[in-house]
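Residues 1 to 611, numbered by UniProt numbering, are exactly what the first sequence covers, in order.
All C-beta atoms in this analysis are idealised placements derived from N, C-alpha and C, irrespective of residue type, glycine included.
Data first, discussion second: the structure below is written as structure tokens.
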Amino acid sequence: MKKYYAALCQLIQNSAKFNRDSCVYFVRKYARASENMLMPRLVRVNTKTKQQWEEGKHTDGQKWKSLEHKGPLFPPEYEHLPSSVPFLYDGEPVKLSMSTEEVATFYAKMLDHEYTSKETFQSNFFTDWREVMTEDERKLIKKLSKCDFSHIHSYFVKKAEEKKNMTKEEKQVLKEETDKLTEEYGYCLLDGHKEKIGNFRLEPPGLFRGRGEHPKMGKLKKRVQPEDVIINCSQDTKIPEPPSGHRWKRVQHDNTVTWLASWVENIHGHIKYIMLNPSSKLKGEKDWQKYETARKLKLRVDGIRSEYRRAWRAREMKQRQRGVALYFIDKLALRAGNEKDDDTADTVGCCSLRVEHITLHHHLDGQDYVVEFDFLGKDSIRYYNKVPVEKQVYKNLKLFMEFKGPEDDLFDRISTTYLNKKLNEAMPGLTAKVFRTFNASTTLQEQLSKLTVDDMTVEEKILAYNRANRAVAILCNHQRAAPKTFEKSMQTLQEKIRKKKEDLENAKKELKQAKKAHKECPTEKTRKLVEKKEKAVKRLAEQLKKLQLQETDREENKVIALGTSKLNYLDPRITVAWCKKHRVPVEKIYNKTQRDKFAWAIDMTDEHFQF
DNA sequence: GAACGTGACTCAGAAAGTTCCCC
DNA sequence: TGGGGAACTTTCTGAGTCACGTT
Numbered sequence: 001m002k003k004y005y006a007a008l009c010q011l012i013q014n015s016a017k018f019n020r021d022s023c024v025y026f027v028r029k030y031a032r033a034s035e036n037m038l039m040p041r042l043v044r045v046n047t048k049t050k051q052q053w054e055e056g057k058h059t060d061g062q063k064w065k066s067l068e069h070k071g072p073l074f075p076p077e078y079e080h081l082p083s084s085v086p087f088l089y090d091g092e093p094v095k096l097s098m099s100t101e102e103v104a105t106f107y108a109k110m111l112d113h114e115y116t117s118k119e120t121f122q123s124n125f126f127t128d129w130r131e132v133m134t135e136d137e138r139k140l141i142k143k144l145s146k147c148d149f150s151h152i153h154s155y156f157v158k159k160a161e162e163k164k165n166m167t168k169e170e171k172q173v174l175k176e177e178t179d180k181l182t183e184e185y186g187y188c189l190l191d192g193h194k195e196k197i198g199n200f201r202l203e204p205p206g207l208f209r210g211r212g213e214h215p216k217m218g219k220l221k222k223r224v225q226p227e228d229v230i231i232n233c234s235q236d237t238k239i240p241e242p243p244s245g246h247r248w249k250r251v252q253h254d255n256t257v258t259w260l261a262s263w264v265e266n267i268h269g270h271i272k273y274i275m276l277n278p279s280s281k282l283k284g285e286k287d288w289q290k291y292e293t294a295r296k297l298k299l300r301v302d303g304i305r306s307e308y309r310r311a312w313r314a315r316e317m318k319q320r321q322r323g324v325a326l327y328f329i330d331k332l333a334l335r336a337g338n339e340k341d342d343d344t345a346d347t348v349g350c351c352s353l354r355v356e357h358i359t360l361h362h363h364l365d366g367q368d369y370v371v372e373f374d375f376l377g378k379d380s381i382r383y384y385n386k387v388p389v390e391k392q393v394y395k396n397l398k399l400f401m402e403f404k405g406p407e408d409d410l411f412d413r414i415s416t417t418y419l420n421k422k423l424n425e426a427m428p429g430l431t432a433k434v435f436r437t438f439n440a441s442t443t444l445q446e447q448l449s450k451l452t453v454d455d456m457t458v459e460e461k462i463l464a465y466n467r468a469n470r471a472v473a474i475l476c477n478h479q480r481a482a483p484k485t486f487e488k489s490m491q492t493l494q495e496k497i498r499k500k501k502e503d504l505e506n507a508k509k510e511l512k513q514a515k516k517a518h519k520e521c522p523t524e525k526t527r528k529l530v531e532k533k534e535k536a537v538k539r540l541a542e543q544l545k546k547l548q549l550q551e552t553d554r555e556e557n558k559v560i561a562l563g564t565s566k567l568n569y570l571d572p573r574i575t576v577a578w579c580k581k582h583r584v585p586v587e588k589i590y591n592k593t594q595r596d597k598f599a600w601a602i603d604m605t606d607e608h609f610q611f
């Protein structure tokens, strides 16, 4: 941890060289927080900023000096269903105990989803549900197929409908209540500065879904009690109160970590945390540091690439595997691919690829040495790609696959730990995931410079940006389900375009006529008419162009998620510099949340920034 | 020193909620 | 101008990465 802080301090100094105003962001944010909290306001001064900022730094792994918060916000307790909403077993109404009914409502609420029809889901749910039943209920309710949740389901559908149809005033009251809770629980004081918390609400109980074919889907996610929660805060400030009649599992004062509260979830036994919002200083610093590491890789990447290419011909199989794995991570932006527990969905990354996930083609579609990838990656998103590779890589892959079955590991001699150890030797701080950040940001910068032309309109520039962003999303395989309304909204848009074209044609005709009339008998009136018609044509043409751009953008974006790369992989300074250079308002690219998260970059970057 | 487990953090898409825009 | 739906934003929480300690 020490080395990180030393590195961060170095980083800040370097960045200060780059732009002496680099620390203004933090001072400005503090000033904003101070206003809210009626604390003495820090003044926006540039010369002292760096010093002021460094004063707050810790070099010994400490993340904060003081941390005060209200603890997590618990979900409301369960309330019985009205007696008019029956649960039926084998056609007969059965009055359920509180806990049994609560779990039944979790299932009933999900009936619309396709996954409740899956066997794993049903069986996991039923097993866990029976565990919360009373002895009598267990004796009676033996088959899920005999359970009728439809009345409960309809009840919640109706309630949702009612909520939707509330009057403006009723909705306003509800919003005020939410805002009040957010104000109370949604912020903490970190080193005296008000910071937004990311997830201050404890996860409510429900049924675990998981992504893809998760073996634990349908299991009961239990209600978290105060007795399960560890509070992390400073010793000398007010310690959060547990709900009345309860106590915390523990209160600790560990300032080497950034979380405010934690608990262990019951599905996998993993720890869950309450942490700060991405707009916070702590997260901002870490984000900045991430991009600086990726920038460092830029300076070293040629050497690293030469090295892993050499490894392709190494005598030791382990070295060859490392060389090829790194090549994939670098060229295809694959994730590292840690080993996973058996009780999770079967997904893989680079190091955990199995023989069955690739097919080798000596020739394919006019190309030589093609590797066809087909596997499920993070979140069970399919990765499918046909990539021509270098001959030596191809030969190595053949070698790695020799005498192996489809379910054997392709890279059986290496692990992510080993890979990262080697990477760290090549460049301190370098790990497999840095390649994703590096390649994503590099791609954005290249694409932006390729796609942006000075005389473009702002709309065209935005399309260019989206296209550059899209290139990165494709590289990183960031996919989304096509929006449910996609086809319909596309049709609407196409209809609009058709109509606009028609209008434009008509307007052109009218202009022609007006011009003719003006030529034949020029008067002030006819001249004005020509002007008016010219304006109309121009306006319609612009509108048409805008719609067509929209169509292209939407079509190209159908199954691609741009948000993930924008938020996590693209150095925001590239975007800010591009906006400044091409006079595109940064608000057109980043929404409010994104501007908050990237405030550090917005403040410190000028148009000359190069990743 | 390798295998394993744990902890802390980043990254991920879906769903819910809100705003905007057009008829 | 206001209602409806599309688009955008925010929230939610699951799924990864990676460091580190223990065996």
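When the Cα atoms are used, what is the spatial distance from S565 to Q610? Stepping through the first sequence from its first residue, residue 565 is reached at position 565. Stepping through the first sequence from its first residue, residue 610 is reached at position 610. Cα to Cα, the separation comes out at about 18 Å.
Sequence-distant residues of the same chain with beta carbon closer than 8 Å to E356, five excluded per side: Along the first sequence, one-based indexing puts residue 356 at 356. Closer than 8 Å at the Cβ level, and outside the excluded window around E356, lie P406, E407.
Could you pull out every residue in the same chain whose Cβ sits closer than 7 Å to the Cβ of I381, ignoring the five residues on either side in sequence? In the first sequence, residue 381 corresponds to position 381, counting from 1. Excluding sequence neighbours, I381 sits near N477, Q479.
Same chain, Cβ closer than 7 Å to L475, five either side skipped, listed in chain order: Walking along the first sequence from the start, residue 475 turns up at place 475. Around L475: A333, N439, A440, T443.
Going along the chain, which residues of its own chain have a beta-carbon closer than 7 Å to the beta-carbon of E372, five neighbours each way excluded? Translated into positions along the first sequence, residue 372 becomes position 372. Only I358, T359, H361, K386 meet the Cβ criterion.
Would you report the Cα separation of Y30 and K180, rounded to the nearest angstrom? Numbered from its first residue, the first sequence carries residue 30 at position 30. Numbered from its first residue, the first sequence carries residue 180 at position 180. Model confidence at Y30 stands at a pLDDT of 35, short of 50, so the residue's coordinates are unreliable; what they give is reported in the following sentence. Looking at the two C-alpha atoms, the distance is approximately 22 Å.
Measuring CB atoms only, is the segment 300-310 touching the segment 394-405, in the sense that at least three cross pairs come out at less than 8 Å? no
Taking only runs of the alpha helix (DSSP H) that begin and end inside the segment 137-184, which ones reach a length of at least 4 residues, in chain order? 150-164
Mind the definition here: the segment 78-97 touches the segment 193-204 only if three or more C-beta pairs lie below 8 Å; say whether that holds. no
Classify V348: buried if its beta carbon has 16 or more other beta carbons within 10 angstroms, exposed otherwise. Counting from one through the first sequence, the residue named residue 348 turns up at place 348. Per the 10 Å Cβ criterion, buried.
Indicate whether V537 and A514 have their beta-carbon atoms separated by less than 8 Å. Within the first sequence, residue 537 is the residue found at index 537, counting from 1. Within the first sequence, residue 514 is the residue found at index 514, counting from 1. Contact flag unset, no.
In the DSSP assignment, the alpha helix (DSSP H) including L282 goes from what residue to what residue? Position 282 of the first sequence, counting from 1, holds the residue named residue 282. 281-311 is the extent of the alpha helix (DSSP H) around L282.
Count the other C-beta atoms from every protein chain shown that fall within 10 angstroms of the C-beta of N466, then say buried if there are 16 or more, exposed otherwise. For the purposes of this step, residue 466 is taken as residue 466 along the first sequence, with counting starting at 1. So N466 ends up on the buried side.
Rounding to the nearest angstrom, what Cα-Cα distance links A468 and L570 in this structure? Residue numbering aside, residue 468 sits at position 468 when the first sequence is read from its first letter. Residue numbering aside, residue 570 sits at position 570 when the first sequence is read from its first letter. If you take the alpha carbons of A468 and L570, they lie about 11 Å apart.
For D606, which residues from the same chain have a beta carbon less than 6 Å from its beta carbon, with the 5 sequence-adjacent residues on both sides left out? Counted from its first residue, the first sequence places residue 606 at position 606. Excluding positions up to five away in sequence, the list is empty.
Roughly how many angstroms lie between the CA atoms of I497 and E520, to the nearest whole one? To locate residue 497, count along the first sequence from 1; it is residue 497. To locate residue 520, count along the first sequence from 1; it is residue 520. So the two alpha carbons sit approximately 34 Å from each other.
Would DSSP call D603 helix, strand or coil? What you label residue 603 is simply residue 603 of the first sequence in a count that begins at 1. Three-state result, D603: helix.
DSSP on F74, reduced to helix/strand/coil? Indexing the first sequence from 1 puts residue 74 at position 74. Note: F74 maps to coil in three-state DSSP.
Pull up the DSSP beta-bridge partners for G351, would you. The residue you call residue 351 lines up with position 351 of the first sequence. According to the sequence as given, residue 351 is Cys; it is not Gly. In the DSSP output, where bridge partners are listed per residue, C351 has none listed.
Which residues in the same chain have their Cβ closer than 7 Å to the Cβ of E459, if we skip the five residues on either side of it in sequence? Residue 459 sits at position 459 when you count from the first residue of the first sequence. Closer than 7 Å at Cβ, skipping near neighbours: K546, L549.
Local Cβ density within 10 Å of T552, reported as buried at 16 or more and exposed below that: Locating residue 552 in the first sequence gives position 552, where the first residue counts as 1. With fewer than 16 other Cβ atoms within 10 Å, it is exposed.
Mapping the DSSP letters down to three states, classify Y369 as helix, strand or coil. Residue 369 sits at position 369 when you count from the first residue of the first sequence. Note: Y369 maps to strand in three-state DSSP.
Once DSSP output is grouped into helix, strand and coil, what is the label at residue 612? Since the first residue shown for the chain is 1 and the last is 611, residue 612 is missing from the structure and cannot be characterised.
At what residues does the alpha helix (DSSP H) containing W129 begin and finish? Residue 129 sits at position 129 when you count from the first residue of the first sequence. W129 -> alpha helix (DSSP H) spans 119-132.
With a cut-off of 8 Å, do at least 3 Cβ pairs link the segment 184-191 to the segment 62-69? yes
Burial state of Q594, where buried means 16 or more other Cβ atoms lie within 10 Å: If you number the first sequence from 1, residue 594 lands on position 594. The residue in question, Q594, is buried, as its Cβ has 16 or more Cβ neighbours within 10 Å.
Beta-carbon spacing of K74, I152 below 8 Å: Along the first sequence, read from residue 1 onward, the residue named residue 74 stands at position 74. Along the first sequence, read from residue 1 onward, the residue named residue 152 stands at position 152. In the sequence as displayed, the identity of residue 74 is Phe instead of Lys. Cβ distance not < 8 Å, so F74 and I152 don't count as in contact.
Inter-residue spacing [alpha-carbon to alpha-carbon] between M37 and Q321: For the purposes of this step, residue 37 is taken as residue 37 along the first sequence, with counting starting at 1. For the purposes of this step, residue 321 is taken as residue 321 along the first sequence, with counting starting at 1. Residue placement at M37 is poorly supported in this model, since its pLDDT is 29, which falls under 50; the coordinates still yield a value, given next. One C-alpha to the other measures close to 56 Å.
Excluding the 5 residues flanking L540 on each side, which residues of the same chain have their C-beta closer than 8 Å to its C-beta? Position 540 of the first sequence, counting from 1, holds the residue named residue 540. So the qualifying residues of the chain are K500, D503, L504, A507.
Compare the beta carbon distance of H214 and A345 with 8 Å and say whether it is the shorter of the two. One-based indexing of the first sequence puts residue 214 at position 214. One-based indexing of the first sequence puts residue 345 at position 345. The answer is yes: Cβ separation under 8 Å.
Beta-carbon contacts of K272 that lie in its chain and below 8 Å, excluding the five residues immediately before and after: On the first sequence, position 272 is the one that residue 272 refers to. Only E203, S262, W263, V264, E265 meet the Cβ criterion.
On the CB-based measure, 16 or more other CB atoms within 10 Å of its CB, does R583 come out buried or exposed? Walking along the first sequence from the start, residue 583 turns up at place 583. It is exposed - the Cβ of R583 has fewer than 16 other Cβ atoms within 10 Å.
Close beta carbons around M110, own chain, < 7 Å, minus the five adjacent residues each side: The count along the first sequence starts at 1 and reaches residue 110 at position 110. Here the set comprises T116, L207.
I'd like the ranges of any alpha helix (DSSP H) spanning at least 4 consecutive residues and lying wholly in the segment 405-473. 416-426, 432-451
Reduced DSSP category for E54 - H, G, I as helix; E, B as strand; rest coil: As a first step, residue 54 must be located in the first sequence, where it is residue number 54. Any reading at E54 needs caution, since the residue's pLDDT is 43, under 50, leaving its predicted position unreliable; the model's value is listed next. In this structure, E54 counts as helix in the three-state DSSP scheme.
P572 in three-state terms, based on DSSP: Here residue 572 corresponds to residue number 572 of the first sequence, with the count starting at 1. P572 falls in the helix class under three-state DSSP.
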